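The block underneath contains the structure these notes are about, expressed in structure tokens.
In our numbering, the protein residues as written are 1 to 325.
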């Protein structure tokens, strides 16, 4: 039917059984285990804000940190830009993926997610890891204002570091997926920073919450409970045609943010005239989805195999001159 979204369900295979057991153990460990894992990944990222232009080796290929800056006065308003170490040898500027971390709008640091750059930069992308103010310093719409401010920095400065500011894709996990999708759908926040709707080529949401009103969790009550028009805080309320293409990836075993969020938004977007794909990964948990971009969990390629074709498709066309950017 024309008004139904594309739903892709990707099962596990026998070759990946070891990963299923690993993720099951991690699920038993819960958030504490995931935080320990993130901390281990971030051990070499502590001082990066003052130490840009350095090559980091390991993973699938060397990457280079070319910028580590603050885009605002708050310590959380920071970002770092990472490119493949051989970017100078590549033809033309690189398409840009701006990644926004999760953490329930209360925790997280962009430097904990360098594994995203290790996964995407060797594939020919400049990766920007963007932070934002967290509760209690910021409530809705602070996270969206910060996301727009980070994109303004990228639009103004990325070209100097080898990125193509006319080929930007937003990507986020969990709360970060909410931020990314809202910036793509609710045009107010980009417009407030002088960016047009054409500033984004696409948006990738990983395990994002897109329809969670009435607020029924501590995280949503704290960050959204004082919004004057709470229905407007929901991405599903801004579904529209003419926006950037969306890719919504979710694990079927996600009990923290239910898969219905991605399926429901894909359905609403499709009915609004913007055919949208929701990709469901069998047996994958909330934390397990983001961990699939890091070693050794990236041995299960289902997540990256969903994301890379989408990135290639939406960034393939020549740059378009966008008004208001």
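Positions of the beta carbon are idealized from the N, C-alpha and C atoms, including for glycine.
All figures in this text were calculated on a predicted structure; none of them were measured in a lab.
- Sequence-distant partners of residue 275 (beyond 5 residues in either direction) whose C-beta falls short of 8 Å from its own C-beta, in its chain, are 5, 6, 269.
- Of the residues 218, 161, 217, 238, the one whose Cα lies closest to the Cα of residue 183 is 238.
- DSSP places residue 78 within a strand segment (E or B) once states are collapsed to three.
- Between residue 154 and residue 165, the C-beta gap is smaller than 8 Å, which places the two residues in contact.
- DSSP places residue 95 in the strand class (E or B) of the three-state scheme.
- Judged by DSSP in its simplified three-state form, residue 163 adopts strand.
- Linking residue 159 to residue 85 through their CA atoms gives a straight-line distance of about 16 Å.
- The three-state secondary structure of residue 171, taken from DSSP, is strand.
- Short of 7 Å from the beta carbon of residue 117, and not among the five residues preceding or following it, lie these beta carbons of its own chain, in chain order: 63, 82, 127, 129.
- For residue 222, the enclosing alpha helix (DSSP H) stretches over residues 218 to 224.
- In the three-state reduction of the DSSP assignment, residue 308 falls in the helix class.
- Listed as beta-bridge partners of residue 6 by DSSP are 277.
- Counting only runs of 4 or more residues that sit fully inside the segment 200 to 265, the alpha helix (DSSP H) segments are 218 to 224, in chain order.
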